[in-house]
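To keep things clear, I will list the structure first and then write my remarks on it.
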Amino acid sequence: MSKDIRSIIEALIFVSSEPLSSAKIKEVLTDVSPEEVDQALKELQEIYENNNRGLCLLQSAGGYLLATRPEFDPWIRRLLQIERKSRLSQAALETLAIIAYHQPITSSEIAAIRGVDSTGTIKTLLEKKLIKIVGRRASPGRPLVYRTTEKFLLYFGLNSLEDLPSEEEIARLLEEKDIDQN
Amino acid sequence: MSKDIRSIIEALIFVSSEPLSSAKIKEVLTDVSPEEVDQALKELQEIYENNNRGLCLLQSAGGYLLATRPEFDPWIRRLLQIERKSRLSQAALETLAIIAYHQPITSSEIAAIRGVDSTGTIKTLLEKKLIKIVGRRASPGRPLVYRTTEKFLLYFGLNSLEDLPSEEEIARLLEEKDIDQN
Amino acid sequence: MEAGDLQESYQVRLEIFEGPLDLLLFLIKKRKLNIHDIPIAVITRDYLEYLARKQNINLNREAEFLLMAAFLIFLKSQMLLPREQLQLNEESDPRRILVDQLLEYQKMKITSSLLRKKEEEQQRRWLRPFVPVPLSLEEEEILEVNLFDLAECFYLLMKQKEDENFKVLKGREVSLEKKMKEILDLLEKQPVLDFLEYLKQQESLEEALVAFFCLLEMVRARLVIAFQESLFQTIKVWLRRERIAEGLG
């Protein structure tokens, strides 16, 4: 039976248009205990890790999804006749990093950290749905407040905001960089 | 090497939105002989036939495609319905936007702005508890009057209706030049 | 560092620096300076030298680069105060704000380079580009929405509705002319304007930038005299009396 559950879950992940959370899987598999679902998910992940085939099972934005392995990118682009995907601008990345770490945050707070006005970049990020407006700050002028979205996690392959490097990791990276430069 | 070819082919079939012909695969894999491609395809089919997992490799309309096994259909339908329920349609979004900014408002006023009858969408929004009936307008026909609910505020992360972005703010965000698009 | 040392770095056009902090970090690294103990005089000279040589810079950003220049000059004057008054402990070090800002910005730069790596890896993974068609469900497009979508949707509907009569209400936009008039009015009332004090009173960064830009314009147009001496802690601005009549008209 457990083998079947894995197969059903695999099929569900395959047809899902967004990362499929284990909660949703449990909602669908009403006659299977939550523990069994978790176990089956674990086994499925192991199968994908070990079989080294064309697809891999990713855990991103709080759910599971199927994707091709990165090393096959050149052939896929040849098939789809797509140039390299366009990357975010440096300004967009910086702004995202600031929002990710300081959310919820206002436009002027972002500008204060970057040292430059960021309205244009915020607009781009909103349009790309990497950030969203979540309300207003209760301060003079009642400025709009921004947060990162699920799509942000998905875009960078993060499972949750906790996957972002910690202060310590950043500090370590900074030190390494310093050493490199000397 | 043959194993790699199988994996590349699997990835290619996965990302292809229509059945992928072996001719197309051979076009992409220029440095692999046609015989090797045919052999790899045969092996890939055998793998899928024997492993009895959630997906199968179909050959139809002159090409290969990945699909879920037919026996998992009931669960997939259940999943798609759940996914659907938690989302809004474009029509629902438009209607909700009008109600949010123009409340209290009647059904015919909504229809006047959208240019189409909105009775069905209003019903959906009522079912989702994003809007509610708050009374009747004292005008001919005494039409029902709608408002957004607390759940609406929750859904969009707002404290109150005053937190809705003003038209000016949205206009500015939309018109702001993308300085970062170098 | 002599002028020549900057030559090679000058090959990099100003646009590639995201802003003044980016440029400052670059200069600090180039000289291998300790970020916690920046020799302000040195870095200010490098910074100004860099700005002076630039060509074709984005005017939107130029104001921000210039604002930083003004701040550096201000810091330099602070650093020249007599030693005993300064007591260079962490708290009273006038460079503190700048250092904090640089450190935070540096952190964000590191993070953004990590994000860049993740982006690269993720971009080489391909998801299924299509959603399987649900068998018998209605064909309505379904979507996930957030507040921006909601507001944008409403805005676009209204725009459609009121098409040519629709007036786009800009947010509180500060025009150069208005700001310049405000500054000139102030100078009419008081002999000397403490410019950094004035900048601090501005409600937004944008407004402060416009104000600073106005000052530069007025100096260029010889409407005012701006004076900054190391012993003073700010930039002082006087009206050029003889020019005002023919001035802005």
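Protein chains in written order, with my numbering: chain A, 199 to 380; chain B, 199 to 380; chain C, 1134 to 1382.
We put the beta carbon where it would ideally sit given N, CA and C, even for glycine.
Chain C places no beta carbon closer than 8 Å to that of residue 221 of chain A, leaving this residue out of the contacts. With fewer than 16 other CB atoms across the displayed protein chains lying within 10 angstroms of its CB, residue 279 of chain B is exposed. Annotation: residue 1171 of chain C is outside any beta strand (DSSP E) and is labelled neither H nor E by DSSP. Assigned with DSSP and collapsed to three states, residue 255 of chain A falls in strand.
As a beta-bridge residue in DSSP terms, residue 262 of chain B pairs with B:218 and B:257. With respect to chain A, the C-beta atom of residue 357 of chain B has a partner C-beta closer than 8 Å. For residue 209 of chain B against residue 355 of chain A, the beta-carbon gap comes to about 17 Å, at or over 8 Å, which does not count as contact.
From the beta-carbon of residue 1208 of chain C, no residue of chain A is found nearer than 8 Å; the closest lies around 15 Å away. Interface annotation for the stretch 268-282 of chain B against chain A: 270, 273, 274, 276, 277, 278, 280 and 281, criterion Cβ-Cβ distance under 8 Å. In this structure, the alpha-carbon of residue 303 of chain B lies about 11 Å from that of residue 310 of chain B. The beta-carbon of residue 206 of chain B is placed less than 8 Å from the nearest beta-carbon of chain A. For residue 331 of chain B, there is no enclosing alpha helix (DSSP H); the enclosing beta strand (DSSP E) has its first and last residue at 329-334.
For residue 1238 of chain C, the residues of chain A that pass the 8 Å Cβ criterion are 311, 312 and 313, in the order they occur in the chain. Within the DSSP bridge table, the entry for residue 344 of chain B names B:303 and B:331 as partners.
Taking a cut-off of 8 Å on C-beta distances, the stretch 288-297 of chain A does not touch the stretch 211-228 of chain B, as fewer than three cross pairs fall below it. Residues of chain C with a Cβ closer than 8 Å to the Cβ of residue 298 of chain B are, in chain order, 1283 and 1287.
DSSP places residue 1326 of chain C inside the beta strand (DSSP E), whose first and last residues are 1325-1327. In this structure, the CA atom of residue 203 of chain B is about 7 Å from the CA atom of residue 238 of chain B. Along the stretch 229-253 of chain B, going in chain order, the ones with a CB nearer than 8 Å to a CB of chain A are 250, 251, 252 and 253. As DSSP reads the structure, residue 1372 of chain C sits in a beta bridge with C:1357.
Rounded to whole angstroms, residue 344 of chain A and residue 220 of chain A show a C-alpha spacing of 28 Å. Minimum Cα-Cα distance from residue 326 of chain A among the listed residues A:317, A:350, A:277 and A:247 corresponds to A:350. Residues of chain C whose Cβ lies closer than 9 Å to the Cβ of residue 259 of chain B do not exist, since the nearest Cβ in that chain is about 15 Å away. A distance below 6 Å between beta-carbons, with the five flanking residues on each side excluded, links residue 1282 of chain C to no residue of its chain. Nearest CB-CB separation between residue 307 of chain B and chain A: not below the 8 Å threshold.
In this structure, the alpha-carbon of residue 1330 of chain C lies about 12 Å from that of residue 1204 of chain C. Three or more beta-carbon pairs separated by less than 8 Å link the stretch 285-295 of chain A to the stretch 1242-1252 of chain C, which places the two stretches in contact.
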